[in-house]
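Notes follow once the structure below has been shown.
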Amino acid sequence: MQSVISAIIALGALIFIHELGHFIFAKWFGVGVDKFSLGFGPKIIGKKLGETEYLLSAFPLGGYVKMVGEGEDAELTEEDKARSFAAKPPLQRIVIVAAGPLFNLLFAYLIFIIVYMVGVPAATTKIGEVVKDKPAARAGVQAKDMVTAINGKVVNRWEELSSTIIEGKGQPVELQVQREGKTLTFHITPEKRTAKNLLGDTVTTPVLGIVSAGEIVIDHFGPIDAFTKGSAQTWNVIKITVLSLVKLVERAIPLDTIGGPIMIVKMAGQQAAEGSASFLAFVALLSVNLGILNLLPVPILDGGHLFFYLWEIVFRKPVSPKAREIAQQIGLVLLISLMVLAFYNDIARYFIGQNQ
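Numbering (the numbering used here), first residue to last: 3 to 358.
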């Protein structure tokens, strides 16, 4: 139940932020908004304020902002025509459509800043295991040693230690450790390890053969440092998301890694159990994914609509209704296929796999 509630909170927030982006800029440019809905399908509850009906609908896997003139067969009054989405210049339509995914990216950015201010878990430099017959073991490093410096640079977090070794590109390192109140110094030449990373690329990295003890502390950052680190983290997640999509198309990352609602529910529960910082970071990760996916130039998604409006600007005429209809049908088939694949992977991962 905790997993379900956590997932509803996460997805509800992301859908609301996404649709809020469309809503705010539609209003900004004078477009009438008939409905603002969280979820699809039958209405659960709703209330009309001004011209807009605000809805909570049955299926919580999306939402929509219905603007004046959309999906209506009846003739519009001259006043409504002027307030319709279709009557606005292409640049204004681009801003309205792009605002949804961009709000998701900005939301993730804000969350990462907050997370760094609230506090993020970090591993100390305490060594939990020294791998047998590896460089550190041959040099005399032992489990429970606490690394205090590398190449004369003071370190107190495992990430700092690891990144310094990687940046050294295999050059010998000077490792200073604390052991039973004594300071010991070791000169170690890393060895190369070749493996596949999360993106399916084969990478070679220098390693010493030491494993973190998993001793965790919470690091808190002031607003300026949180802003800097939040910016870097948001950009890193955007890059990884885009690269992951490219690798999926290239089949470097297998399609069975794609997850659906069941995976989101399970992960939401796990992250919520680990604490508010972990859950917020998970929401930020989902928000980036939602923003990037919606910007893909696939008909039926925001990116597909953006492509149509850019076409209109470049060629000075809109895409023909017939071409748009065919493109949206193709986009719908692609989207449904992706959803089916995600559901299949979830079932195989969490049900079939557990019964084997």
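Where a beta carbon is used, it is the ideal one built from N, C-alpha and C, also for glycine.
Exercise for review: Assign Arg195 to buried or exposed, taking buried as 16 or more other Cβ atoms, counted over all protein chains shown, within 10 Å of its Cβ.
Suggested key: Your numbering for residue 195 matches position 193 in the sequence shown. By the neighbour-count rule (16 or more Cβ atoms within 10 Å), Arg195 is not buried but exposed.
Check your understanding: When the distance is taken between beta carbons, is Asp258 closer than 7 Å to Asn347?
Key -> Mapped onto the sequence shown, residue 347 falls at position 345. Mapped onto the sequence shown, residue 258 falls at position 256. Taking 7 Å as the Cβ cut-off, Asn347 and Asp258 qualify as a contacting pair.
Check your understanding: Does the distance from the CB of Ala12 to the CB of Val285 come in under 7 Å?
Key -> Counting from one through the sequence shown, the residue named residue 12 turns up at place 10. Counting from one through the sequence shown, the residue named residue 285 turns up at place 283. Yes, Cβ-Cβ distance for Ala12 and Val285 is below 7 Å.
Review point. Which residues in the same chain as Ile115 place their Cβ atom closer than 7 Å to its Cβ, once the five residues preceding and following it in sequence are excluded?
Key: In the sequence shown, counting from the first residue as 1, residue 115 sits at position 113. These residues qualify, in order along the chain: Ala228, Phe229 and Gly232.
Practice item. State the start and end residues of the unbroken beta strand (DSSP E) segment that holds Val179. Key: Reading the sequence shown from its first residue, position 177 is the one you call residue 179. Unbroken beta strand (DSSP E) run through Val179: Val175 to Arg181.
Review point. Considering only residues of the same chain and omitting the five flanking positions on each side of Gly211, which have a CB-CB separation below 7 Å?
Key: Counted from its first residue, the sequence shown places residue 211 at position 209. These residues qualify, in order along the chain: Val132, Val133, Lys136, Pro137, Ala138 and Ala139.
Review point. To the nearest angstrom, how far is it from the Cα of Trp237 to the Cα of Gly277?
Key: As a working note, residue 237 is residue 235 in the sequence shown. As a working note, residue 277 is residue 275 in the sequence shown. Whole-angstrom Cα-Cα distance: 24 Å.
Check your understanding: Hey, how far is the Cα of Ala350 from the Cα of Gly23?
Key -> Taking the first residue of the sequence shown as position 1, residue 350 is located at position 348. Taking the first residue of the sequence shown as position 1, residue 23 is located at position 21. Approximately 36 Å, taken between the alpha carbons.
Review point. Opposite Ser5 in the DSSP bridges: which residues?
Key: What you label residue 5 is simply residue 3 of the sequence shown in a count that begins at 1. Paired residues: none, contrary to the question.
Point to revise | Whole-Å CB distance - Ala344 paired with Gly262, under 8 Å assumed | key: Numbered from its first residue, the sequence shown carries residue 344 at position 342. Numbered from its first residue, the sequence shown carries residue 262 at position 260. Confirmed, Cβ separation roughly 3 Å.
Review point. What is the residue span of the alpha helix (DSSP H) that Gly102 lies within?
Key: Sequence index remark: in the sequence shown, residue 102 carries index 100 (1-based). Note, Gly102: alpha helix (DSSP H), Pro92 to Val120.
Practice item. List the whole-angstrom C-beta distance separating Val97 from Ser86, where the pair is believed to meet the contact cut-off of C-beta under 8 Å. Key: Against the sequence shown, residue 97 aligns to sequence position 95. Against the sequence shown, residue 86 aligns to sequence position 84. Contact doesn't hold; Cβ gap of about 16 Å is too wide.
Review point. Is Phe317 buried or exposed, if buried means 16 or more other CB atoms sit within 10 Å of its CB?
Key: Counted from its first residue, the sequence shown places residue 317 at position 315. The residue is exposed, with fewer than 16 neighbouring Cβ atoms inside 10 Å.
Practice item. Thinking Ser5 and Val267 are a contact (beta carbons under 8 Å), I'd like their distance in whole angstroms, please. Key: Locating residue 5 in the sequence shown gives position 3, where the first residue counts as 1. Locating residue 267 in the sequence shown gives position 265, where the first residue counts as 1. Contact flag correct, Cβ pair sits at about 5 Å.
Check your understanding: Are the beta-carbon atoms of Val251 and Val290 separated by less than 7 Å?
Key -> In the sequence shown, the residue the question calls residue 251 occupies position 249. In the sequence shown, the residue the question calls residue 290 occupies position 288. Contact flag unset, no.
Exercise for review: Buried or exposed for Phe61, please, with buried defined as at least 16 other CB atoms from any protein chain shown within 10 angstroms of its CB.
Suggested key: Position 59 of the sequence shown, counted from the first residue, corresponds to residue 61. With fewer than 16 Cβ atoms within 10 Å of its Cβ, Phe61 is classed as exposed.
Practice item. For Ile293, collect the residues of the same chain with a Cβ closer than 6 Å to its Cβ; drop the 5 residues on either side in sequence, then sort them by chain order. Key: For the purposes of this step, residue 293 is taken as residue 291 along the sequence shown, with counting starting at 1. The question names Ile, yet the displayed sequence has Gly at residue 293. Same-chain partners within the cutoff: Pro103, Asn106 and Leu107.
Check your understanding: Just the Cα atoms here: how many angstroms apart are Lys368 and Phe27?
Key -> There is simply no residue 368 to check, as the chain begins at 3 and stops at 358 in what is shown.
Review point. Got a sec? Which residues, its chain only, sit under 8 Å from Asn158 by beta carbon, not counting five neighbours each side?
Key: Indexing the sequence shown from 1 puts residue 158 at position 156. The residues are Thr126, Thr127 and Thr150.
Check your understanding: If you run the structure through DSSP and keep just helix, strand and coil, what is Asp221?
Key -> Stepping through the sequence shown from its first residue, residue 221 is reached at position 219. Strand, per DSSP.
Review point. Does the beta-carbon distance from Asp304 to Val117 come in below 7 Å?
Key: Looking up residue 304 in the sequence shown gives position 302. Looking up residue 117 in the sequence shown gives position 115. No, the pair does not count as a contact, with Cβ atoms beyond the cut-off.
Exercise for review: Using alpha carbons as the reference points, say which of Gly142, Ile255, Ile7 and Leu16 lies closest to Asn296.
Suggested key: The residue labelled residue 296 in the question sits at position 294 within the sequence shown. That would be Leu16, whose Cα lies nearest to the Cα of Asn296.
Exercise for review: Determine the DSSP secondary structure at Glu53, reduced to helix, strand or coil.
Suggested key: As a position in the sequence shown, residue 53 is number 51, starting the count at 1. Three-state result, Glu53: coil.
Exercise for review: Report all residues from its chain with a CB closer than 8 Å to the CB of Gly41; omit the five preceding and five following residues, and keep chain order.
Suggested key: Taking the sequence shown and counting its residues from 1, one reaches residue 41 at position 39. Cβ within range, chain order: Ile17, Leu57, Leu58, Ser59, Ala60, Phe61, Pro62, Leu63, Gly64 and Gly65.
**Study point:** Three-state secondary structure assigned by DSSP to Ile226
**Key:** In the sequence shown, counting from the first residue as 1, residue 226 sits at position 224. Looking at Ile226 - three-state DSSP - the assignment turns out to be helix.
Review point. In the structure shown, what three-state DSSP assignment does Val35 receive?
Key: In the sequence shown, counting from the first residue as 1, residue 35 sits at position 33. It is a strand residue.
**Study point:** Own chain residues within Cβ distance below 8 Å of Leu288, not counting five before or after
**Key:** Taking the sequence shown and counting its residues from 1, the one referred to as residue 288 is at position 286. Cβ neighbours of Leu288 beyond the five flanking positions: Ala12, Leu13, Leu16 and Ile266.
Practice item. Using the Cα positions of Lys49 and Ser39, report the straight-line distance between them to the nearest angstrom. Key: As a first step, residue 49 is located in the sequence shown; it is residue number 47 there, counting from the start. As a first step, residue 39 is located in the sequence shown; it is residue number 37 there, counting from the start. Counting only the Cα atoms, Ser39 lies some 11 Å from Lys49.
Review point. Would you call Pro192 buried or exposed, if buried means 16 or more other Cβ atoms sit within 10 Å of its Cβ?
Key: Here residue 192 refers to the residue found at position 190 of the sequence shown. Answer is buried; the Cβ neighbour count reaches 16.
**Study point:** Cβ distance (whole Å) where Phe223 is taken to contact Met119 below 8 Å
**Key:** Position 221 of the sequence shown, counted from the first residue, corresponds to residue 223. Position 117 of the sequence shown, counted from the first residue, corresponds to residue 119. Their Cβ separation, rounded to whole angstroms, is 6 Å, which keeps Phe223 and Met119 in contact under 8 Å.
Point to revise | Lys319 - DSSP class collapsed to helix/strand/coil | key: As a first step, residue 319 must be located in the sequence shown, where it is residue number 317. Here Lys319 carries a coil assignment [DSSP, helix/strand/coil].
Practice item. Apply the 10 Å Cβ neighbour rule to Ile113 and answer buried if 16 or more other Cβ atoms are within range, or exposed otherwise. Key: For this step, residue 113 is matched to residue 111 along the sequence shown. Label assigned to Ile113: buried.
Practice item. Consult DSSP for Ile255 and reduce its assignment to one of helix, strand or coil. Key: As a working mapping, residue 255 is identified with position 253 in the sequence shown. In this structure, Ile255 counts as coil in the three-state DSSP scheme.
**Study point:** Rounded straight-line distance, which links the Cα of Val67 to that of Val175
**Key:** Here residue 175 corresponds to residue number 173 of the sequence shown, with the count starting at 1. Here residue 67 corresponds to residue number 65 of the sequence shown, with the count starting at 1. Those two C-alpha atoms are separated by around 58 Å.
Review point. Count the other CB atoms within 10 Å of the CB of Asn357; is the residue buried (16 or more) or exposed (fewer)?
Key: Here residue 357 corresponds to residue number 355 of the sequence shown, with the count starting at 1. With a pLDDT of 49 at Asn357, under the threshold of 50, the modelled position of this residue cannot be trusted; read the value that follows with caution. Burial call: exposed.
Check your understanding: If you run the structure through DSSP and keep just helix, strand and coil, what is Glu81?
Key -> If you number the sequence shown from 1, residue 81 lands on position 79. Glu81: helix per DSSP, three-state reduction.
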